[in-house]
Structures are given as C-alpha cells and as structure tokens.
Amino acid sequence: MARILAAEGKKVLAIDADPDSNLASAVGLSREALARLVPIASQTSMIEERTGAKKGSFGSMFKLNPKVDDLPDTMGVLYEGVDADSVGMYPPGGRGVLLS
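All residue numbers for the sequence shown refer to our numbering, where the first residue is 433 and numbers rise by one.
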C-alpha cells in the first residue's frame with residue numbers, strides 16, 4: 433500500500449512498530465538500505481536526551497512530548513518515495529524497559 437501511494441505522488445511515511453520488524457523488507461529495501469535503518473528504540477542516548485528520562489532512575493520529571501519531528505528525516509530510509517522508519521523491538525518484560 434505504501435509503495436502504491438508513493439507511486440501516485442503521495443508523501444508516505446511508513447512506520448514499523450511491530451516487534452517482528454518486516455516492513456522494510458516488505459517495501460523492498462535492499463540489504464544496504466536495511467543496514468542504514470536504525471530502530472528508534474535502540475537510540476537510548478537520544479531518547480534520554482530528549483525526554484530527560486534516564487534508564488534506572490525513578491521519580492524524576494521527564495518530557496511527555498519530546499521533539500520528534502526530525503526523526504523521519506534523520507533515522508529513516510527513503511526508498512521509491514516511501515520513507516521507512518522502524519520503532520524497533522523492546523526488551524521482554526523484567527529486563528528493564530526505558531519507555532513504557
């Protein structure tokens with residue numbers, strides 16, 4: 433669907449929020465493009481910087497609406513008019529999750 437809409441001239445942002453993460457391969461990204469696709473969840477330092485939430489700290493204030501409008505341009509991969517981004521896989525419960 434994303435590639436069809438892009439072919440029609442629409443601006444498309446496809447976000448893979450599934451822990452199984454297969455949107456990029458379904459869109460047709462090459463192995464090189466897949467290697468450039470960085471899951472947002474793996475960017476702990478960027479998340480900490482923008483939210484103020486530090487892994488392992490409790491009871492502190494953090495931003496509920498951090499700046500995110502630049503993420504598609506900086507972390508996504510553009511392929512045939514589709515900007516593909518990946519949220520990434522969160523660790524299983526009990527192992528400490530930065531965002532909840």
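Note that the Cβ used here is the ideal one computed from N, Cα and C, for glycine as well.
Rounded to the nearest whole angstrom, the C-alpha separation of Lys486 and Val519 is 19 Å. Nearest Cα to Ile472 within the set Glu464, Val509 and Phe494: Val509. For Ala516 against Leu437, the beta-carbon gap comes to about 13 Å, at or over 8 Å, which does not count as contact. Beta-bridge analysis with DSSP links Leu496 to no other residue. Contact annotation: Val459 and Met507 have beta-carbon atoms that are not nearer than 8 Å.
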